[in-house]
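A quick write-up on the structure given underneath.
2 protein chains.
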Amino acid sequence: MSEARTPAEIVRAFCGVWERGEFERFGEFLAADAMLHMLPLAPVHGSEAIREECRKLARLGTLSVRILNLAADGDLVLTERIDGLEQPDRAGELPVAGIFEVRDGKIVAWRDYFDLCQALAAFGLEAPI
Amino acid sequence: MSEARTPAEIVRAFCGVWERGEFERFGEFLAADAMLHMLPLAPVHGSEAIREECRKLARLGTLSVRILNLAADGDLVLTERIDGLEQPDRAGELPVAGIFEVRDGKIVAWRDYFDLCQALAAFGLEAPI
């Protein structure tokens, strides 16, 4: 935590923490007023709300976050990922492009681009509403 | 065409050519066996088929391709974009994350991440099938 990490390192470390369900460490990586926008859905504001959003998925099964590609430009980190969820009776994978903005060592914005129907199918969820 | 451009420059130039509907120039930027994968849909193989796919959208109205963010890592170029379509009676915008792989100065793979429902709504289209 004390060493100065690059934005790319911060994002990679955060994805590890998220994958392992270390929710108590989210505050190390997310600014208090961070924003998560899963583009097909409404934005989620604040690290606490983001943590809760991530917990929801983790409750359904074992999450995996595989970074296929990553490129950074200053404080901006663009990723291509496969997010997986293993449930007792099924396993699904979702292709995602995630964009992270880092400021002063913490993620302030996180935008995930994916198809909502693919996400619902991958994670065995019903459509919202 | 003769000067050596970086992968990022090639992608920016291609997006300009695409936006302006200069389809006759697609061959300068796309390898003959290039692949376009709009993630919610089946992949499109070959520069000719990609050109036809892009023409389809351009026939509907005036396209705009706005690159919000771009980062490159070697031959890989990750973008965050707003693709817009202006039609006589409506205008729509689609948030997209697009990933391009460049080899020997040409795009060989182009993967666009977006939500299909948002795309249909933005471009005034009916659902496929």
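Heads up: the sequence lines are chains S and F, in that order.
Take the first sequence: its letter number 89 is residue 89 in my numbering, and every next letter is one higher.
In short: position in the second sequence from 1, add 1000, done, that's my numbering.
Where a beta carbon is used, it is the ideal one built from N, C-alpha and C, also for glycine.
Cβ atoms of F/Leu1036 and F/Lys1106 stay farther apart than 8 Å, at about 13 Å. Its Cα nearest to that of S/Glu93, the residue S/Leu125 stands out among S/Phe14, S/Leu125, S/Phe23 and S/Arg25. Non-local beta-carbon contacts of F/Arg1055 in its own chain, meaning distances under 7 Å to residues more than five positions away in sequence, involve Phe1023 in chain order. Out of F/Ala1058, F/Glu1028 and F/Leu1078, the CA that lies nearest to the CA of F/Ser1047 is found in F/Glu1028. Here S/Asp112 is not near S/Leu60, since their CB atoms are 9 Å or more apart. Judged by DSSP in its simplified three-state form, S/Phe100 adopts strand. Taking one beta carbon from each stretch, the stretch 1083-1099 of chain F and the stretch 1060-1072 of chain F have 3 or more pairs nearer than 8 Å; the two touch. Judged by DSSP secondary structure, F/Ala1004 falls outside any beta strand (DSSP E); it is assigned neither H nor E.
The CB of F/Ala1072 comes closer than 7 Å to the CB of Ala71 in chain S, given here in chain order. If the five residues before and after S/Phe100 are omitted, its C-beta is found closer than 6 Å to the C-beta atoms of Val11, Val77, Ile107 and Trp110, all from its own chain and listed in chain order.
Among the CB atoms of chain F, none fall inside 9 Å of the CB of S/Arg5.
At a cut-off of 9 Å, the C-beta of S/Ile99 has a neighbouring C-beta in chain F. Considering only S/Ala72, S/Trp18, S/Phe123 and S/Arg51, the residue with the shortest C-alpha distance to S/Arg90 is S/Phe123.
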